[in-house]
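Engineer: Here it is: the structure, laid out below.
Protein chains in written order, with my numbering: chain A, 521 to 633; chain B, 1140 to 1252.
Following this line, the structure appears as structure tokens:
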């Protein structure tokens, strides 16, 4: 298995632009997680899905952030409009269940200028 | 909110020495997991210890769990330069369905040759 695949690996955009991050979880995993990592705040859970249904989105910082999981093999995290303080590394992870070992993607490094 | 707190924040040792990292948490847990993150990469799962276990080994890794003190330790024996990375503990709440792993801020380990 190729593991969790995230795209793009790097994204540079200007303030106010829409940003879409993509994630393909490991086949057969039914839980998917989006995290944000910064030096100041560490690794923060933004939202997680179980069987494509959002279970907990309390970590989503603002209405500018939205996430979808239209099917078991694809998820997106969208920021609209983006702001410089959104600059961070965004990770997607998947697991067999929300109580199990998580497998992380390589991350998307987002820079908002 | 972050549950696990690693200590120390940073650790520098020589190759061949042992490295010990500690994690404290606040509420009851189902399990506790340790992950490693190499610079610029995603997190990789190392070991999972359940709340009814006290010690687990995996190769050069030894994890202990003391639920009465709400703490865990990760010991890496005979460290190597390749062990240089950040190490995170993550806890899974024991009393709520639909919870997810909560990560600490990590310990940065530097092993010099």
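Just so you know, even glycine gets a beta-carbon here, dropped at the ideal spot from N, CA and C.
Since the model is a prediction, treat every value here as computed from it, not as a measurement.
1) For the beta strand (DSSP E) containing residue 1188 (chain B), list its first residue and its last residue.
2) Could you check what DSSP says for residue 1220 (chain B) in three-state terms: helix, strand or coil?
3) Would you please state the rounded distance, in angstroms, between the beta carbons of residue 1276 (chain B) and residue 1182 (chain B)? I believe it to be under 8 Å.
4) Let me know if residue 1220 (chain B) comes out buried or exposed under the rule of 16 or more other beta-carbons within 10 Å of its beta-carbon.
5) Do residue 1172 (chain B) and residue 1123 (chain B) count as a contact pair if the criterion is CB distance below 8 Å?
6) Is it buried or exposed, residue 556 (chain A), if we count other Cβ atoms within 10 angstroms and call 16 or more buried?
7) Just to make sure I have the definition right: I need the residues of chain B whose C-beta is within less than 9 Å of the C-beta of residue 626 (chain A). Which are they?
8) Give me the residue from B:1155, B:1161, B:1154 with the minimum Cα distance to residue 1243 (chain B).
9) Taking C-beta pairs closer than 9 Å, name the residues in chain B that residue 562 (chain A) reaches, listed in chain order.
10) Along the chain, where does the beta strand (DSSP E) that runs through residue 590 (chain A) open and close?
11) At a Cβ cut of 9 Å, what residues of the segment 1154-1174 of chain B count as close to chain A, listed as they run along the chain?
12) For residue 1250 (chain B) and residue 536 (chain A), I'd like the C-alpha separation in whole angstroms.
13) Please indicate yes or no: does the CB of residue 576 (chain A) lie closer than 7 Å to some heavy atom of the ligand GDP?
14) Quick one: is residue 577 (chain A) near chain B, going by C-beta distance under 8 Å?
15) Residue 531 (chain A) and residue 628 (chain A) - do their beta-carbons sit closer together than 8 Å?
16) How many Å lie between residue 585 (chain A) and residue 1203 (chain B) at the Cα?
17) Can you confirm whether residue 546 (chain A), when its beta carbon is compared against all beta carbons of chain B, has any partner nearer than 8 Å?
18) Residue 568 (chain A) touches chain B at which residues, Cβ-Cβ below 8 Å?
Structural biologist: Quick answer:
1) The count along the second chain starts at 1 and reaches residue 1188 (chain B) at position 49. It spans 1182-1189 - the beta strand (DSSP E) in which residue 1188 (chain B) sits, taken as one unbroken run.
2) Here residue 1220 (chain B) refers to the residue found at position 81 when the second chain is read from its first residue. Look at residue 1220 (chain B) here: in three-state DSSP terms it is helix.
3) As shown, chain B starts at 1140 and ends at 1252. That puts residue 1276 (chain B) outside it, with no answer to give.
4) Here residue 1220 (chain B) refers to the residue found at position 81 of the second chain. With fewer than 16 Cβ atoms within 10 Å of its Cβ, residue 1220 (chain B) is classed as exposed.
5) This structure does not reach residue 1123 (chain B), given that chain B is present from 1140 up to 1252, and the question cannot be answered.
6) Counting from 1 along the first chain, the entry for residue 556 (chain A) is found at position 36. It is buried - the Cβ of residue 556 (chain A) has at least 16 other Cβ atoms within 10 Å.
7) Locating residue 626 (chain A) in the first chain gives position 106, counting from the first residue. Within 9 Å Cβ-Cβ: 1179, 1180, 1181.
8) In the second chain, counting from the first residue as 1, residue 1243 (chain B) sits at position 104. The shortest Cα separation from residue 1243 (chain B) among B:1155, B:1161, B:1154 belongs to B:1161.
9) The residue labelled residue 562 (chain A) in the question sits at position 42 within the first chain. Going along chain B in sequence order, the residues near residue 562 (chain A) (Cβ under 9 Å) are 1141, 1227, 1242, 1243, 1244, 1245.
10) What you label residue 590 (chain A) is simply residue 70 of the first chain in a count that begins at 1. That run of the beta strand (DSSP E) goes 585-591.
11) From the segment 1154-1174 of chain B, only 1169, 1170, 1172, 1174 have a Cβ closer than 9 Å to chain A.
12) Counted from its first residue, the second chain places residue 1250 (chain B) at position 111. Counted from its first residue, the first chain places residue 536 (chain A) at position 16. Whole-angstrom Cα-Cα distance: 42 Å.
13) In the structure on display, the ligand GDP does not appear, and there are no ligands present to speak of.
14) Here residue 577 (chain A) is taken as the residue at index 57 of the first chain, counted from 1. With a threshold of 8 Å between beta carbons, residue 577 (chain A) makes no contact with chain B.
15) Residue numbering aside, residue 628 (chain A) sits at position 108 when the first chain is read from its first letter. Residue numbering aside, residue 531 (chain A) sits at position 11 when the first chain is read from its first letter. At a Cβ-Cβ threshold of 8 Å, residue 628 (chain A) and residue 531 (chain A) count as neighbours.
16) Indexing the first chain from 1 puts residue 585 (chain A) at position 65. Indexing the second chain from 1 puts residue 1203 (chain B) at position 64. Rounded to whole angstroms, residue 585 (chain A) to residue 1203 (chain B) spans 38 Å at the Cα level.
17) Residue mapping note: residue 546 (chain A) aligns to position 26 of the first chain, counting from 1. Closer than 8 Å: no.
18) Within the first chain, residue 568 (chain A) is the residue found at index 48, counting from 1. Chain B residues near residue 568 (chain A): 1239.
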